[in-house]
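First comes the structure, then the notes that go with it.
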Amino acid sequence: MLNIAAFSHASESYSNNLTKERIVVNDCRISESKCRVEISMDKIVTISINPKGIPHTKPLRMDVYMQGIDAEQVSIGFEGIDVDYNTIDYLLTKNNLNNFTGEGYLSICLLRKMHWMANVSIVVDGVSQKISLPFSTH
């Protein structure tokens with residue numbers, strides 16, 4: 045498990061009056077291991093996507109564990125960086141107070157190497173916070 049300290053914040057406003065705060069994690073390899081993101085001293089999110097390597101042709105098991113966060117909803121979507129590819133946001137199922145799981149798929153891409161962003165959206169009290177994790181497929 046990796047402790048993540050390097051990230052940046054940005055705020056985005058949307059027409060549905062929700063303010064989204066976006067945390068971009070710069071030093072985690074979500075395609076190789078789970079990532080632990082410390083939002084604050086008492087709020088921690090751990091994200092795991094399997095199988096490792098995040099292949100295009102297999103279903104992906106996605107797990108989000110939270111400490112100190114009582115989320116209403118969690119979803120994960122994949123955004124292509126090199127080519128404008130986006131998947132739908134896969135809504136995860138709440139298993140207990142701190143754990144959400146689900147299944148999703150990465151879009152098929154014909155490029156030899158593709159850069160992606162895994163976008164994890166966490167909704168608390170009607171406000172969505174996004175954690176973005178860059179990764180590459182070969």
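45 is the number of the first residue of the sequence shown in our numbering; add one for each residue after it.
Just so you know, even glycine gets a beta-carbon here, dropped at the ideal spot from N, CA and C.
In this text the structure is predicted, and so the values were computed from the model without any measurement.
DSSP three-state call for Ile91: helix, strand or coil? Strand at Ile91.
According to DSSP, simplified to helix, strand and coil, what is Thr181? Note: Thr181 maps to strand in three-state DSSP.
Could you give the distance in angstroms between the alpha-carbon of Lys96 and the alpha-carbon of Glu76? Inter-residue distance for Lys96 and Glu76 is about 5 Å (C-alpha atoms, whole angstroms).
Span separating the alpha-carbon of Ile166 from that of Gly148: Near 17 Å, if we compare the C-alpha coordinates of Gly148 and Ile166.
Just the Cα atoms here: how many angstroms apart are Gly170 and Arg105? Approximately 26 Å, taken between the alpha carbons.
CB contact flag (Val118, Val164, <8 Å): Result yes, Cβ atoms of Val118 and Val164 sit closer than 8 Å.
Where the beta strand (DSSP E) containing Gly148 begins and where it ends: From DSSP, the beta strand (DSSP E) with Gly148 extends over Asn143 to Gly148.
Spatial neighbours of His182 within its chain, please: C-beta separation below 6 Å, excluding the five flanking residues on both sides. Once the five neighbours on either side are set aside, the close Cβ partners of His182 are Lys157.
Quick one: what's got a C-beta closer than 6 Å to Leu135's C-beta in the same chain, skipping five residues either side? Answer for Leu135: Ser119, listed in chain order.
Could you check how far apart the C-beta atoms of Val69 and Ala115 are, in whole angstroms? I think they sit under 8 Å. So it is not a contact: roughly 18 Å between Cβ atoms.
Count the other C-beta atoms from every protein chain shown that fall within 10 angstroms of the C-beta of Gln173, then say buried if there are 16 or more, exposed otherwise. Counting every other CB atom within 10 Å of its CB across the protein chains shown gives Gln173 a total of 16 or more, marking it as buried.
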